[in-house]
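S.K.: Counting with the working numbering, you get residues 2 to 390 for the letters of the sequence shown.
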Amino acid sequence: MSSQQMLETLSQRVQAMQASKIREVAEIGMTMDGVIPLWFGEGAWPTPAKIVDAAVKSLQNDAHTYQPNNGLPALRQAVQDYCQTHLKAACSTHRITITPSGMQGLMLSAQLLANPGDRVVSIEPNWPNIVGCYETMGANVHSVALQAKNGVWQLDMNALIAALTNDTKIFIVNSPNNPSGWTLTVEEQKVLLQHCRKLGIWIVADDVYARLYRHASVAPSFLTIAEPEDRLISVNSFSKSWSMTGWRLGWLVTPPECEAALGHLTEFNTSCTSRFIQQAGITALQECEPDIAQLKSQLEQSYRVTADALSSMSQVEFIDPDGAFYAFFRVAGLNDSVASAMNILHATKVGLAPGAAFGKTGEGYLRLCYAQPVDVLEDAFNRLRPYLS
Ligand SMILES: Cc1ncc(COP(=O)(O)O)c(C=O)c1O
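1. Using DSSP with H/G/I as helix, E/B as strand and the rest coil, what is Gly324?
2. Hey, quick one: how far does the alpha helix (DSSP H) through Tyr83 stretch, first residue to last?
3. How would the residue list near ligand 1 read, in chain order, if you kept each one whose beta-carbon is closer than 5 Å to any heavy atom?
4. So what's Ala17 in DSSP terms, helix, strand or just coil?
5. Among Ala310, Lys199, Phe359 and Phe329, whose alpha-carbon lies nearest the alpha-carbon of Glu379?
6. Residues in its own chain within less than 7 Å of Arg386 by CB, not counting five upstream and five downstream?
7. Are Gln299 and Trp46 close, meaning C-beta to C-beta below 9 Å?
8. Just curious, the beta strand (DSSP E) that Lys150 is in, first and last residue?
9. Which class does Ala64 belong to by DSSP, given the choice of helix, strand or coil?
10. Between which two residues does the beta strand (DSSP E) holding Lys170 run?
11. According to DSSP, is His265 part of a helix, a strand, or is it coil?
12. If we count the other Cβ atoms within 10 Å of its Cβ and call it buried at 16 or more, is Gln81 buried or exposed?
13. Determine whether the beta carbon atoms of Met104 and Leu346 lie at a separation below 9 Å.
14. Count the CB pairs spanning the segment 279–297 and the segment 125–140 that are closer than 8 Å, and state whether there are at least three.
15. May I ask which residues mark the beginning and end of the alpha helix (DSSP H) holding Thr98?
16. If Ile131 sits next to Gln190, beta carbons under 8 Å apart, how far is it from one beta carbon to the other, in whole angstroms?
17. Using the C-alpha atoms, what's the distance from Ser3 back to Thr186?
18. Check each candidate in Gly44, Glu268 and Phe277 and name the one with the smallest Cα separation from Lys58.
19. Give a yes or no on contact between the segment 204–215 and the segment 8–26, applying the rule of three or more CB pairs nearer than 8 Å.
20. Looking only at its own chain, which residues have a Cβ that is under 7 Å from the Cβ of Arg384, when we skip the five neighbours before and after it?
21. Out of curiosity, what's the CA-to-CA distance linking Asn151 and Glu318?
22. According to DSSP, is Val219 part of a helix, a strand, or is it coil?
23. Which runs of the beta strand (DSSP E) at least 3 residues long sit entirely within the segment 239–264? Give them in chain order.
24. So for Val142, helix, strand or coil by DSSP?
25. Under the DSSP definition of a beta bridge, which residues are partnered with Gln299?
26. How far does the beta strand (DSSP E) with Ile202 in it extend, from its first residue to its last?
27. Closer than 8 Å by C-beta to Val145: which residues in its own chain qualify, once you throw out the five before and the five after it? Chain order, please.
28. What's the call for Gly182, buried or exposed, on a 16-neighbour Cβ count within 10 Å?
29. Within its chain, find whatever has a CB closer than 8 Å to the CB of Ser218; leave out the 5 residues flanking it on each side and keep chain order.
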């Protein structure tokens with residue numbers, strides 16, 4: 002059997018999967034010396050030492066065994082307290098499932114809700130994995146595009162409400178959004194919640210960047226305005242706000258009715274999240290508010306340098322992000338963002354993500370993750386300036 006014949010025996014869903022365009026550029030850049038990598042969504046700063054210490058202590062003192070499917074009771078309780086403190090949301094532990102990453106939380110939400118052929122509505126530009134896991138489950142994803150107007154991203158609420166039809170099963174929204182930084186307002190959330198309630202549509206809110214909101218301690222959350230019986234799933238992660246990308250830890254908040262089903266699904270995916278990682282998560286939630294404040298102040302400096310540099314480049318249209326840690330900017334005349342990111346990589350040794358990775362409407366754009374110290378960004382912009390001016 003040839004390799005091709007072998008691949009043709011894999012499931013149709015796997016054969017339909019698209020390779021990540023971010024990876025397409027990054028895989029090449031990672032083989033080159035001297036590249037400033039701004040392609041992935043992670044910060045340059047290490048995990049706070051308190052979190053690392055908690056994991057080490059747990060490895061030394063705790064059991065090295067399988068853990069409950071839905072997560073350690075103490076971490077579920079810590080998430081409940083976190084939701085109360087930061088979102089004014091009463092989320093009993095029955096509503097909380099611990100997941101080995103935000104990505105796994107998204108996949109669990111897709112496995113929980115989506116049947117082949119279901120209509121799913123999302124917002125574009127969008128981190129491709131969000132819709133990717135729903136497509137893997139056979140759902141049909143339709144996107145409503147954000148528009149860049151007067152230097153900010155805007156959502157056409159009429160277009161979105163019109164897309165959320167009677168036969169829509171799920172609405173997925175990532176706010177603050179990767180790649181654009183666009184963030185839903187409370188007023189928009191209220192209208193959307195009301196509409197989805199009326200039509201029985203599930204809302205899946207990817208809240209992974211909730212704390213990296215530039216205008217307040219936390220971004221507006223559906224959890225604050227919803228009732229426990231609403232068809233709402235909030236997906237969260239320790240990766241970004243606690244600088245824990247490599248740890249793989251996150252959580253879901255769902256209606257309490259989903260607890261058992263999520264336990265079963267977890268059993269068949271990963272069975273559980275490692276105990277020492279969960280212990281580290283408890284420390285993150287209970288002791289690391291000062292670390293989040295410090296990260297946000299570093300990010301604000303990085304944002305300033307980024308906004309100033311990109312706004313001064315004649316070929317660039319900079320669009321102000323409300324949250325997350327990306328600049329998603331349009332470049333005049335750019336119509337093949339993969340080729341352009343590749344050219345920039347070779348010409349300047351700065352690694353960017355191509356806009357086309359974030360959906361059709363992302364073509365013409367590039368994404369730069371600015372979660373880097375100011376001197377690294379200044380070096381990157383000095384290299385990019387001749388190319389983008
Ligand atoms: C919007 C969004 N959601 C979810 C994730 C997943 O985060 P993780 O799997 O690291 O928890 C990411 C990571 O980049 C993201 O950008």
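All residues carry an ideal CB built from backbone N, CA and C; glycine is no exception.
M.R.: According to the data block:
1. Here Gly324 sits in strand by DSSP.
2. Boundaries of the alpha helix (DSSP H) around Tyr83: Pro74 to Leu88.
3. Cβ atoms closer than 5 Å to ligand 1 belong to Gly42, Ser102, Gly103, Met104, Trp128, Asn175, Asn179, Asp207, Val209, Ser238, Ser240 and Gly251.
4. In the structure shown, Ala17 sits in a helix (DSSP, three-state: H, G or I).
5. Of Ala310, Lys199, Phe359 and Phe329, the residue nearest in Cα terms is Ala310.
6. Spatial neighbours of Arg386 in its own chain (CB-CB distance under 7 Å, excluding positions within 5 residues in sequence) are listed in chain order as Met314.
7. Closer than 9 Å, so yes.
8. Under the DSSP assignment, Lys150 falls in the beta strand (DSSP E) whose first and last residues are Gln148 to Lys150.
9. In the structure shown, Ala64 sits in coil (DSSP, three-state: anything other than H, G, I, E or B).
10. Boundaries of the beta strand (DSSP E) harbouring Lys170: Thr169 to Asn175, taken from the DSSP string.
11. It is helical.
12. So Gln81 counts as buried.
13. Contact flag unset, no.
14. Result no; under three Cβ-Cβ pairs closer than 8 Å.
15. Thr98 -> not in any alpha helix (DSSP H); beta strand (DSSP E) instead, spanning Ile97 to Thr100.
16. Contact between Ile131 and Gln190 does not hold, since the beta-carbon distance rounds to 18 Å and is not under 8 Å.
17. The alpha-carbon atoms of Thr186 and Ser3 are separated by roughly 54 Å.
18. Closest by alpha carbon: Phe277.
19. The segment 204–215, when compared against the segment 8–26, does not touch it at the 8 Å Cβ threshold.
20. Here the set comprises Thr349, Lys350 and Val351.
21. For Asn151 and Glu318, the distance between alpha carbons rounds to 10 Å.
22. In this structure, Val219 counts as coil in the three-state DSSP scheme.
23. Listed in chain order, they are 251–254.
24. Strand at Val142.
25. According to DSSP, Gln299 bridges with nothing at all.
26. Where Ile202 is concerned, there is no enclosing beta strand (DSSP E), given that its DSSP letter is neither H nor E.
27. Excluding sequence neighbours, Val145 sits near Val122, Ser123, Ile124, Glu125, Leu156, Asp157, Ala160, Leu161 and Ala164.
28. That one is buried.
29. His87 and Arg212.
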